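Numbering-wise (our numbering), the first sequence opens with residue -15 and increments by one. Right, one structure below, let's go through it.
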Amino acid sequence: MSVGVQRLRDEPDRIRQGAIDKREDPALVDQAIEVDARRRRLQAESDALKAERNAASKQVGDAVRGGAAASGPEVAALKARSTAAGARIAEIDAELATTEQQLEDLLLRIPNPPDPEVPVGGEEANVTVLTWGENASRVVTEADGTTWERRPHWEIGEALDIIDNPRGAKIAGSGFPVYKGAGSRLQRSLISWFLDVHTTEHGFTEVWPPAVVNTASARGTGQIPDKEDQMYIVTRDELYLVPTAEVPVTNLHREEILEADQLPIRYCAYTPCFRREAGAAGKDTRGILRVHQFDKVEMVLFERPEASEAALEWMTGRAEILLQRLGLPYRKLLMSTGEMGFVQRKKYDLEVWAPAVERWLEVSSCSNFGDYQARRMQIRYRPEKGARPELVHTLNGSGLALPRVVAAILEQYQRPDGSVTVPAALRPYLATDRLGPAAGA
RNA sequence: GGAGCGGUGGCCGAGUGGUUGAUGGCAGCGGUCUUGAAAACCGCCGGGCGAAAGCCUCGUGAGUUCGAAUCUCACCCGCUCCGCCA
């Protein structure tokens, strides 16, 4: 129930190649085709027997109403026919059920084939589509020839008393930072500004969803079973803390049939994001680059199939605009088949330059899922009035994730004295043009 | 947490064992009429599998029966009242 049996029959080669390029097992494709054929054979057999049983049952009713004795031999014979068919049906349906389960299991393990434009390979195959802005250097040379060195964001955060990791660790655990004073206000400002730009300039509808979802929703976006290890689970109430707003917002239209004139639907939503980061122990332990709880504004699109390709470019552009207006140099990467996830068809990552740690930091990931997610969630639309429903295409992208944007700001806008200039776009929100001890943090 | 009521097609809403996949209304689509529109009238009008015949689907799952939307059991969800909390 992910790649679609119809497509499996229509273009097995493309799906097989897609699996190879994504470094998954192409043999599953052939197994699935085989199981599908068996499933259809059993289905036909079951249907024929059911037709037989239904006919016999109907005759029982007709005979009794026609005056035959309910306990007479004529009725008894009909009943026997129906019962016999019923017994066979039970056997075949049992086999059918296991076959269907097998097929579903196989389909769930076949990845969404990448878009033809996606470069084949691993990390080395990622294509830098563009770079924007001039990367600042760690060592700054002033006009008078003096030099100073940028300090990493965690030092600045501590020095300005706006990020408190140790106390976060005390009250919740490591990876749960506390933002304080101007740091807290910076969070609010970024969230508000992102949402304001998306809603007032880009036509998104703002959504404020729950920060937990139920099992069905977690399954809908593929969080379970695929990424279950990454999620915090409230077992007592069978709830999952959202790892991204994508999960609740995409599920908004789960199992719905939309009208064509509703599309495209464009949502933006802020939520805190909770991630266990299992298996990432030891990576990026300093600062706020990799944490268990962070804040993010997400864009979620529901599009007509023919529009999704252009929509990915458009949506990625909306995220880029935010970085440009913050004045943060960044690069845009077209991710290779090996780097992109199981369910994506095409994915761009946006990375900002953090000049003190001299690293590119991923702040946005924008993907087109084609109909893959929609199939799993049964999100459909009617191309024309009265036409049969078809699956929509879904897309989503960060616009943007906060911690690394904050880190980049603290490094990029740093001054020799350790204070930080507020990017012009945020000044109306922060009500100051400088973060520093003197700014009343 | 306790008590009660309820979950039927895009929506409202009939239907308590036998041509009911489901009466009726609204919405929608096509047509007649009209300069055009409205009104009126006629027709169409849930979804899935399947090449088709046909099969499945009335919250979900199991059961009773020759046969279930209709009966039984379990579960899920919603609403109302009480309690609790803000």
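We put the beta carbon where it would ideally sit given N, CA and C, even for glycine. In this text, all values refer to a predicted model and were calculated from it rather than measured experimentally.
What residues in its chain sit with their C-beta under 7 Å from that of residue i, if we drop five residues either side in the sequence?
i, result
"V226", "A195, V196, V197, P232, T255, C257, F258"
"P387", "I272, L273, V275, F278"
"P407", "L310, G311, I393, Y397"
"E91", "Residue identity differs from the one stated: residue 91 is Leu in this sequence, not Glu. Correct list, in chain order: M(-15), S(-14), V(-13), A16."
"V(-11)", "D20"
"M299", "M283, L285, C350, L379, G381"
"A291", "P248"
"R270", "W138"
"P209", "none"
"D5", "P98, V104, T321"
"R359", "M(-15), S(-14), G(-12), L375"
"D268", "R274"
"T228", "C257, K280, E282"
"E84", "R23"
With a threshold of 6 Å on Cβ separation, who are the neighbours of residue i within its own chain once the five nearest residues in sequence on each side are excluded?
i, result
"L62", "A40, Q43, V44"
"E395", "R134, H137, A338, P339, A340"
"R315", "T112, T115, E335"
"A423", "Residue placement at A423 is poorly supported in this model, since its pLDDT is 45, which falls under 50; the coordinates still yield a value, given next. Excluding positions up to five away in sequence, the list reads T416."
"G437", "What is shown of the chain runs -15 to 425, which leaves residue 437 out entirely."
"S66", "R37, A40, S41"
"G434", "Beyond the ends of the chain as shown, which are -15 and 425, falls residue 434; an answer cannot be given."
"F160", "G152, H276, Q277"
"G402", "A143"
Does the Cβ of residue i lie closer than 7 Å to at least one heavy atom of the ligand COA?
i, result
"M361", "Among the components modelled here there is no ligand, and therefore nothing to report on the ligand COA."
Name, in chain order, the residues that DSSP records as bridge partners for residue i.
i, result
"W344", "W337"
"H377", "E287"
"T115", "R315"
"N198", "Its beta-bridge partners do not exist; DSSP assigns none."
"L225", "V196"
"W138", "Note: W138 sits in no beta bridge, so no partner."
"L419", "V404"
"W132", "V124"
"Q398", "V404"
"E243", "R366"
Are the beta-carbon atoms of residue i and residue j separated by less than 8 Å?
i, j, result
"V284", "V336", "no"
"P426", "E8", "Coverage of the chain is limited to positions -15 through 425, which leaves residue 426 absent and any answer about it impossible."
"S349", "G381", "yes"
"L26", "L80", "yes"
"F178", "L242", "no"
"Y163", "I147", "yes"
"L33", "I76", "yes"
"T234", "G187", "no"
"A244", "E368", "yes"
"R0", "P10", "yes"
"G2", "P97", "yes"
"E118", "P313", "yes"
"K280", "A391", "no"
"A69", "E36", "yes"
"Y224", "A202", "yes"
"P421", "D355", "no"
"E342", "D333", "no"
"R250", "D213", "no"
"G383", "A303", "yes"
Pull up the CB-CB distance for residue i and residue j, whole angstroms please, since I reckon it's below 8 Å.
i, j, result
"V113", "L307", "Contact flag wrong, Cβ pair sits at about 14 Å."
"V102", "K330", "6 Å"
"I73", "H237", "I73 to H237, Cβ: 36 Å. No contact."
"A253", "E190", "7 Å"
"V327", "F353", "6 Å"
"A166", "L419", "5 Å"
"E230", "T199", "Not quite, the Cβ-Cβ distance comes to about 17 Å (not below 8 Å), so this is no contact."
Going along the chain, which residues of its own chain have a beta-carbon closer than 8 Å to the beta-carbon of residue i, five neighbours each way excluded?
i, result
"T131", "V123, V124, T125"
"E239", "M361, Q362, I363"
"R(-2)", "P97"
"T82", "none"
"V218", "V196, Y224, L225"
"D14", "P(-4), R0"
- prompt: Can you find at least 3 beta carbon pairs, one from the region 308 to 327 and one from the region 104 to 122, that sit closer than 8 Å?
  reply: yes
- prompt: Just checking, does the region 162 to 176 make contact with the region 406 to 420 on the three C-beta pairs under 8 Å criterion?
  reply: yes
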